[in-house]
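So the structure is just underneath, and the comments pick up after that.
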Amino acid sequence: MIRLPLVLFFSAALFSIGVYGVLARRNAVLVLMSIELMLNAVNINLVGFSQLWKELTGQVFALFVIAIAAAEVGIGLAIVLLIYRNRETINVNEVNLLKW
Amino acid sequence: MVGAILAHAEVTAEAVSGPGLAKYAWVVALLPLVSAPLSLFLGKRVPGRGWIFGVASVGAAFVLSLGILWHFVENGFGTYTASVDWFTIGPLHMTLGEYVDGLTAVMLVVVTAVSLAVHVYSVGYMHGDSRFTWFYVVLSLFTAAMLNVVISDNLFQLVVGWEIMGVCSYLLIGHWWEEHVNSSSAIKAFITTRIGDVPFMFGVFVLVAATGFTTSNIQEIGHIVAGGSISPAVVSIAALLLFGGAIGKSAQFPLHVWLPDAMAGPTPVSALIHAATMVAAGVYLVGRMYEVFVHANTWVLQFVGIIGGITMVGAGLLGLVQDDIKRVLAYSTVSQLAYMITLMSAGPAGRDAAFFHLFTHAFFKALLFLGSGSVIHACHTNNMSEMGGLRKKMPLTFWTFLIGSLALAGLPPLAGFWSKDELLVAASKGHPVVFVIMLATAIVTAFYTMRMVMQTFTGEYRGHGHPHESPLSMTGPLVALAGATLFVGFLGAGPAKAVFFDWVFFEEPEAVKLVPWVALISIAAAAVGVIAGYYVYRRWRERDPVLALGPVSTLLVNKYYLDTFYWKFIIQPTRDTLSAAVNWFNQRVLDGVVDGSARAARAAADGVQAIDEDVIDGAVNGVGQVAGFTGGLLRYLQSGNVQRYAAFLFAGVVILAVIFTRI
């Protein structure tokens with residue numbers, strides 16, 4: 042039985058790594074992967090609290106999040122693919138057409 | 017026919033058996049009114065350029081008028097009245113109506129007879145005129161207007177006819193407007209009569225107002241006035257104002273000046289205007305509204321008599337010195353009208369005698385005018401100094417003209433004698449001064465009439481060219497009118513039964529008798545004038561004695577300086593001072609107000625524009641500019657860098673998280 046604070050620390054660490062990846066990495070694929078990290082950090086939280094409260098709703102939510110994350114990655118990768126085809130780069134710093 | 021008239025004249029006024037033809041008096045007035053537009057629109061498309069409409073309609077009107085008069089003679093003289101509603105203002109019902117009595121019937125016959133003669137005569141006289149058709153249009157309209165005045169049963173309808181006559185007289189006198197003097201004369205005639213028309217209209221207003229705006233019917237007003245419910249002062253004012261109209265239209269002193277100048281018109285026009293229609297309208301008005309004059313203060317009728325007396329002598333003397341044959345006739349017309357006006361002041365008997373004179377005068381004055389027209393047509397001049405010796409060349413014109421002249425002079429048994437005799441009989445019962453003035457005028461009249469005949473028809477021909485007798489269309493009316501002049505006098509002749517006074521009377525028929533001493537004096541006066549004229553002008557053909565009387569001649573030739581006086585003291589001050597003042601007022605004050613208000617409006621508009629552009633638009637633009645400026649600053653947030661957005665997002669979440677955990 043793993044204690045909850047340990048789970049939460051792990052989750053927080055994972056989320057922070059994800060945030061760092063989203064904000065700092067230039068490669069769009071890596072940004073997407075970092076988002077996955079953040080989602081999974083949330084999943085760990087959900088499962089952890091589900092364990093604590095003996096309540097399965099959190100785990101069901103985690104399953105939903107996984108499904109939606111899969112869909113999100115599918116769309117995200119498709120967008121990245123199209124950006125690459127058009128711009129021959131997936132550096133998010135260079136994909137800044139939508140600005141003033 | 018005369019016998020039948022005499023036989024039936026015994027029938028009294030009450031014994032009227034139905035209105036008969038009198039119902040159709042309005043048709044008499046309508047006929048020429050219809051022919052005017054017919055001539056105007058179709059005249060140039062028919063052979064003869066349109067005279068046929070005028071002659072046919074006036075001819076039919078004449079026949080119908082005779083029928084109406086004959087109906088009265090057959091069935092006794094009563095009255096017939098009918099009207100249709102015109103429009104209503106408050107309590108006042110305006111109607112279009114006819115009032116037919118003996119006077120109306122006689123006037124209808126006179127007007128249509130003279131008008132018919134003029135219409136026929138003009139076919140020859142106006143032949144080849146460039147506005148021949150137009151001439152007939154106005155001639156017919158003029159006749160219709162006068163007939164409307166005659167049959168009208170109310171004052172407003174009468175005013176309408178009165179005014180149309182004014183306009184038509186202007187158009188006819190100025191018919192040959194290419195010459196400036198003619199159009200000036202037309203304007204003079206129009207404006208001078210208008211000066212009389214203004215008081216006339218106010219007289220109508222006073223009378224209608226005095227009835228409490230309940231009626232404009234002439235007979236009803238007469239009854240109300242006779243009933244005494246209107247104060248004599250108001251009646252006097254109304255009578256004076258009405259008389260103002262008569263002064264203008266019937267050319268009495270001091271407004272007589274238009275009539276001699278109106279001779280500028282074509283001669284048939286002079287015959288129509290100055291014999292039977294326009295100038296007769298003034299006399300007719302006074303006679304028709306006689307109740308008003310009778311019930312006014314006595315000084316009103318005295319005033320009427322004084323005006324008439326002054327005009328009578330004044331115009332008669334002016335007739336002595338004229339060289340223009342039509343001007344002689346013009347002044348004699350003024351003088352003869354003054355006879356009628358004067359006698360209006362002598363009570364009901366005088367009024368009836370005046371109408372008899374109007375009746376006979378219409379025939380012989382129309383005859384004289386048409387005769388003078390025939391002479392003018394032949395000689396191509398109006399001046400008697402360029403005529404002379406026309407007796408042999410124009411026998412028919414001479415004999416008819418002579419008949420007219422002797423009638424004007426007042427020799428028996430011609431029409432003028434009988435009517436003048438009635439006038440003198442009526443005057444002999446009045447003020448002796450009036451009687452003496454009338455006698456003096458009779459002598460003067462006979463003298464200048466003889467002068468005119470002698471200068472024109474006897475001696476040697478002094479003009480150029482070859483005068484010849486006029487065509488049948490001109491001599492025909494002359495002969496017809498001469499016949500009328502010979503016979504109409506007997507209708508009111510003293511020795512016989514004077515049927516005219518059973519036809520035309522005020523209150524009750526006058527029993528007219530020949531007063532021997534009056535008749536003798538009348539004949540003597542006429543004979544003195546005629547004989548003196550004959551001998552004077554047989555002796556001095558070349559140098560006219562009336563022009564060699566020194567200052568008297570000068571005074572007469574200059575028309576008592578009356579025209580000069582009007583020019584200097586009325587027309588010039590009006591034109592130069594009053595008109596200038598009005599012009600100044602108009603230009604400066606009225607236009608100033610208008611211009612000023614326009615300027616003020618423009619200034620206000622400028623102010624509004626400034627507010628609109630600077631304040632309202634400024635606010636709107638300012639809002640836009642501020643939004644644009646702040647937007648310009650804020651747009652740098654929109655960097656397009658997804659990671660920066662995400663960083664803001666996280667920062668926001670962190671801040672919110674901190675806030676929520678602190679609460």
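Protein chains in written order, with my numbering: chain A, 42 to 141; chain B, 17 to 679. Virtual Cβ for every residue (Gly too), placed ideally from N, Cα, C.
| query | What are the boundary residues of the beta strand (DSSP E) that includes Tyr115(B)? | reply | Leu108 to Val116
| query | At least one CB of chain B closer than 8 Å to the CB of Asn137(A): is that the case? | reply | yes
| query | Under 7 Å from any heavy atom of the ligand GTP, does the C-beta of Ala133(B) make it? | reply | The ligand GTP is not part of the structure shown, which contains no ligands of any sort.
| request: Report the three-state DSSP secondary structure of Trp102(B) (helix, strand or coil). | output: strand
| said: For Tyr61(A) and Ser75(A), what's the separation of their Cα atoms in angstroms? | reply: 8 Å
| Residue span of the alpha helix (DSSP H) that contains Ser613(B), given as start and end | Asp607 to Ala626
| Quick one: is Asn68(A) near chain B, going by C-beta distance under 8 Å? | no
| said: Between Ala378(B) and Val130(B), how many whole angstroms is the CB-CB distance? I'm expecting something under 8 Å. | reply: 6 Å
| field | C-beta neighbour in chain B for Leu118(A), strict 8 Å | value | no
| Selection of the region 74-85 of chain A by Cβ proximity to chain B, strictly under 8 Å | none
| request: Determine the closest residue to Ser538(B) out of Leu439(B), Leu157(B), Met217(B) and Pro53(B), with distance taken between C-alpha atoms. | output: Leu439(B)
| Within the region 316-403 of chain B, ranges of the alpha helix (DSSP H) (whole runs, at least 4 residues) | 341-360 and 363-395
| said: I need the straight-line Cα distance from His639(B) to Ala65(A), nearest angstrom please. | reply: The sequence as given places Val at residue 639(B); His does not occur at that position. Rounded to the nearest angstrom, the two C-alpha atoms are 40 Å apart.
| message | With a threshold of 8 Å between beta carbons, is Ala643(B) in contact with chain A? | response | no
| query | Under the three-state reduction of DSSP, which class applies to Thr283(B): helix, strand or coil? | reply | helix
| request: Could you please tell me which residues of the region 632-660 of chain B, in chain order, have their CB closer than 7 Å to any CB of chain A? | output: Arg651, Tyr652, Gln654, Ser655, Gly656, Asn657, Val658 and Gln659
| query | Distance, Cα to Cα, His396(B) vs Gly389(B)? | reply | 10 Å
| task | Note down the Cα distance separating Leu665(B) from Arg44(A), rounded to an integer number of angstroms. | result | 31 Å
| Coil, strand or helix - Ser245(B) by DSSP | coil
| query | If we call anything under 8 Å between Cβ atoms a contact, is Val153(B) one with Ala52(B)? | reply | yes
| field | Residue closest to Val166(B), alpha-carbon to alpha-carbon, out of Pro428(B), Val214(B) and Val299(B) | value | Val299(B)
| query | Based on Cα-Cα distance, which residue from Ala291(B), Phe218(B) and Gly281(B) lies nearest to Ser252(B)? | reply | Phe218(B)
| request: Please list the residues of the region 42-68 of chain A that have a C-beta atom closer than 9 Å to any C-beta atom in chain B, keeping them in chain order. | output: Val60, Val63, Leu64, Ala65, Arg66 and Arg67
| Grouping DSSP H, G and I as helix and E and B as strand, with all else coil, what is Thr230(B)? | coil
| task | Count the CB pairs spanning the region 254-267 of chain B and the region 295-309 of chain B that are closer than 8 Å, and state whether there are at least three. | result | yes
| field | chain A contact residues for Phe676(B), given Cβ-Cβ distances below 9 Å | value | Neighbours of Phe676(B) on chain A: none; closest Cβ ~17 Å, over 9 Å.
| query | From Leu188(B), Phe463(B) and Leu418(B), pick the residue whose C-alpha is nearest to that of Gln338(B); which is it? | reply | Phe463(B)
| request: Identify which residue in His311(B), Val598(B), Ala291(B) and Ile419(B) has its Cα closest to the Cα of Gly238(B). | output: His311(B)
| message | For chain A, check one thing: does any of its Cβ atoms lie closer than 8 Å to the Cβ of Phe664(B)? | response | no
| Short CB-CB distance (under 8 Å) between Asn132(A) and chain B | no
| Given Asn137(A) as reference, the closest of Gln654(B), Ala667(B) and Ala662(B) once Cα atoms are compared | Gln654(B)
| Under a three-way DSSP split, which group does Tyr96(B) fall into? | strand
| query | Are the CB atoms of Val295(B) and Thr327(B) nearer to each other than 8 Å? | reply | no
| said: My output table needs one value for Asn637(B): the three-state DSSP class, helix, strand or coil. | reply: helix
| task | Please decide whether Lys95(A) counts as near chain B, where near means a Cβ-Cβ distance under 8 Å. | result | no
| Using CA coordinates, which residue listed in Leu406(B), Leu56(B), Ser348(B) and Lys436(B) is at the minimum distance from Arg741(B)? | The structure shown has nothing for residue 741(B), since chain B only spans 17 to 679.
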